[in-house]
Amino acid sequence: MISASTRTRVAAILLAVCCAVLGAGALLSAATAAEGTDTAGVVPADESTTTTATADPSDDPTDDPSDDPTDDPTDDPTDDPTDDPTDQPTDEPDDGPFTVSDAVFRWGVNDESNNNAFAPGTYNFLSAGTAPDPGSGGQTIDDNGRWRSTGATAWLAQSGNVRIEKIDSSGAALPATFAGLKTGPDGEPLGGTGVAIFSSHNVVITGGTGQVDPAAGTATISWTGSFTVFYYSGMSFFSVANPVLTVTPTSATITATASGFASSMEDMTKWQPVAPTPVTLADLQGVGTAELGAAKGFTAVAKYLGVTYDAPANGTAQVRTGDAWGAFPNDPPTSYLAFMEKVGSAAYWYSSGGSSDKFKVPKRISISWDSRSPLAPETPVVNPGATTKQPKNKAGKEPPATQPAAPSFPVAQPAGPALPTQPFAAAAAAGAPDLATGPARYEPPVAYALTSSPTSGDPSDGSGQAWEWVLGSLLLLGAVGITVSTPLMKHLKGTR
C-alpha cells in the first residue's frame, strides 16, 4: 500500500512536469509568433530586388592620361579666318550678290497630277525627260513604263539633271518607281477621283546656274533638263524643258518651254504635235530681299486662287465659286493655259466645276542655292480635305457620345482589396506568360497575403503575443517551486 507521503511526492512531480511542458510550449509559441511578425509582408527571395553596395572608388583613375596634353586655348581670338571654307553655307550670308552653280528646283506640280484619273485603271503622274511620240492618240503606258503602241520607253525616274522623287509621310524623299505612281505616300492605294490620297511625287532638277542679289531684290537662275506630265496613263501629256527663275523687285516667275501633242477627249484619233512654246509655269508670291538672302534658298506659293481665266467659246467656262477657284498663269504672250488649250487639257488647270477642282491648286515651288545643302521637301498632308463619312444608324438609335471603357476584370467578379504596390511591380517584371504552353497555374506569392501585421507595431491587435511569454514564464517558475517545495516540506515536517 502506497503511503500518503509517496502519493504526495508523485503528484508534485507530475504537476511540475506539466508546468514545465506548458511553460516551454508557451515560450516556443511566443518565439514563433515573434518571428512571423518580423517576416510578415516580406517578399520572397526570388521576388525581391537584390541590392549590391557600390564598391569604393579606386584611389587612382582607371584610364591612363593621354600621352600628349591638349593645347590650351588662346587668350585672344585669331585675327585671320581659317584657310579652308566650310562645306555648308553660313546661316546668315551677307546681302551682297552671289553666284550659284548647282541650284535645285523642286515642284510637285499639283495633287491632280499625282492622282487617279477618271478613266478606269488610269493614273496621272510625273516622269523625267521628254516623252517620245506614241504614234497615235488614246495610247497608254504599260506597267514597265513603255508605250503599248510602240514599246518605246515612256516613263523615266531620272534623265540627266532631272529626277522624280516620292515623298513619304515622314517627309523622306525616295527614288520614284513606276509601281509607286499608283500608291499614296506610304504605299496605300490611291483614293478615288474625289478622295484625297495622292502619290506625292516631286520633280527635282539640279545644276541650276545664275546670279542672286538679295539687296537689289533680283535673281536669275536657269536649269537644263525636262520632265513630262502624263494624264490618263498617257492618253494626254505634255513636256516642260529648261525652266528659268526670274526675280525682279516687282515680280517672280518660273518660265519654261512646253511641248506635246494636240489631243481631244471627244475625238481620240486627233493627234498632232504642238510646237515648243514659251510658257509661264508659275507666278510666285512673296519673293523679295528676305527670301533671296536666306541661307539655303526659299519656298514660294504659286499664284492660283482668285486668278481669273476667260475660256474660249469652245472651251469650258471657269467656275468662280467655292474655296478653291482659280487658274494657272494665262497672261500673254506666255500663257500656260493658251498652250493647254492646244494640247486639249486646259480644263485640268483651272476651276471648271468638277469634283477635282480643289486638287488643281499648284504646289509650292522650292529653290535651293546648293544641291549639297538643299531645302527639305514639304511633308505631304495625309488625306487632305477628305470628307469623313460617319456611320449611319437606324432611325431612333443615336450613337453614344463616347464609347464606355471596357472593364479591366470580368463584370461578375467582385473587386478585391487593393494589393501592395511592390508585388505588382515584381509580377510585371516577370514578363507575360508563354501562351504556347497553356495558361500557368496560379500560385499566389507570400507577399500577396492580406493578413500580414501592420507596420505600426501596435500590440493591441494581439500580434505581439505578450501574454504567452508571461504564462510560459509563470508555469516554469511554478514547476521549479513545486520541485523545490516537496523536500523542503518534508524536512520541515521532520523538524517540527
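Read in order, the letters of the sequence shown correspond to residues -33 to -1, 1 to 463 in mature numbering (1 follows the signal peptide of the UniProt record, and there is no 0). Even for Gly, the Cβ is constructed at its ideal location relative to N, Cα and C.
Sorted by chain position, which residues of the same chain lie with C-beta nearer than 6 Å to residue i's C-beta, five sequence neighbours on each side aside?
i      : result
Thr213 : Thr187, Thr220
Gly127 : Gly192
Val129 : Ala95, Ile172, Gly192, Phe194
Ala86  : Tyr199
Phe92  : Leu148, Phe197
Ile131 : Leu93, Ala95, Ala124, Ala143, His168
Ala305 : none
Gly264 : Ile334, Ser335, Trp336, Leu342
Ala362 : Interpretation of Ala362 is limited by its pLDDT of 36, a score under 50 that renders its predicted location unreliable; the figure taken from the coordinates is listed afterwards. Around Ala362: no qualifying Cβ.
Asp62  : Pro181, Ala182, Gly260
Can you tell me whether residue i is helix, strand or coil according to DSSP?
i      : result
Trp74  : strand
Thr256 : helix
Trp238 : coil
Asn81  : helix
Ala291 : coil
Val211 : strand
Gly147 : helix
Trp316 : helix
Lys330 : coil
Ser200 : helix
Val246 : strand
Val162 : coil
Ala186 : strand
Val179 : strand
Tyr90  : strand
Glu345 : coil
Leu251 : strand
Ala121 : coil
Lys309 : helix
Asn360 : Residue placement at Asn360 is flagged as unreliable, the pLDDT there being 35, under the threshold of 50; a coordinate-derived value is accordingly withheld.
Ala396 : Unreliable placement is indicated for Ala396, whose pLDDT of 39 sits below 50; the coordinate value is still reported in the next sentence. Here Ala396 sits in helix by DSSP.
Lys133 : strand
Asp62  : coil
Leu304 : helix
Name the residue from the options whose alpha carbon lies nearest to the alpha carbon of residue i.
i           : options                        : result
Ala242      : Met307, Phe92, Asp153          : Met307
Gly289      : Pro296, Leu272, Asn281, Thr283 : Leu272
Phe165      : Ala262, Gly75, Ser333          : Gly75
Phe210      : Gly105, Gly175, Glu155         : As written in the sequence, residue 210 is Pro, which differs from the Phe given in the question. The shortest Cα separation from Pro210 among Gly105, Gly175, Glu155 belongs to Gly175.
Asp100      : Asn91, Leu93, Val268, Trp122   : Trp122
Ser136      : Gly154, Thr185, Thr236, Thr120 : Gly154
residue 546 : Ala124, Thr107, Trp238         : Within the shown structure, residues of the chain are numbered from -33 to 463, placing residue 546 beyond reach of any answer.
Gly88       : Asp109, Thr215, Asn77, Ala280  : Asp109
Arg331      : Asp324, Ser323, Ser322, Ala343 : Ala343
Ala119      : Ala98, Thr144, Gln125          : Ala98
Pro300      : Gly151, Ala223, Asn281, Ala291 : Ala223
Thr185      : Ala257, Val274, Ile131, Leu304 : Ala257
Phe65       : Ser231, Pro181, Ala143         : Pro181
Thr275      : Ala261, Ala262, Ala294         : Ala294
Ser206      : Gln178, Pro240, Lys133, Ala183 : Pro240
Val348      : Asp298, Ser189, Gly138         : Gly138
Lys270      : Ser226, Pro329, Gly102, Leu157 : Pro329
Can you grab the Cα-Cα spacing for the pair residue i / residue j, in whole Å?
i           : j      : result
Gly255      : Asp69  : 21 Å
Ile334      : Ala163 : 26 Å
Phe204      : Phe228 : 7 Å
Lys327      : Ala313 : 11 Å
Pro279      : Thr244 : 19 Å
Trp292      : Pro152 : 26 Å
Lys237      : Asp78  : 27 Å
Asp234      : Gly104 : 9 Å
Asn281      : Glu345 : 38 Å
Phe72       : Ala146 : 24 Å
Ser218      : Val170 : 23 Å
Leu251      : Leu259 : 13 Å
Val179      : Ser323 : 38 Å
Gly190      : Ala262 : It should be noted that the sequence gives Trp, not Gly, for residue 190. Answer to the nearest angstrom: the Cα atoms are 20 Å apart.
Lys325      : Ala208 : 27 Å
residue 467 : Gly102 : This structure cannot speak to residue 467, because the chain is shown only from -33 to 463.
Residues in its own chain within less than 8 Å of residue i by CB, not counting five upstream and five downstream?
i      : result
Gly159 : Asn83
Ser302 : Val246, Thr247, Pro296
Gly253 : Ala267, Val268
Ser231 : Gly104, Lys237, Gly311
Ala183 : Pro64, Pro216
Asp298 : Thr247
Looking only at its chain, what residues have a beta carbon closer than 7 Å to the beta carbon of residue i, apart from the 5 residues adjacent to it on each side?
i      : result
Ala140 : Glu132, Ile134, Pro344
Pro156 : Thr150
Residue i: beta carbon under 7 Å from a heavy atom of the ligand SAM?
i      : result
Ser312 : Within the structure as shown, the ligand SAM is missing, as the structure has no ligands at all.
Meets three-Cβ-pair contact criterion under 8 Å: the segment 337 to 347 and the segment 305 to 319: no
Cβ contact check for the segment 78 to 92 and the segment 109 to 116: 3 or more pairs under 8 Å: The segment 78 to 92, when compared against the segment 109 to 116, does not touch it at the 8 Å Cβ threshold.
Meets three-Cβ-pair contact criterion under 8 Å: the segment 281 to 288 and the segment 316 to 323: yes
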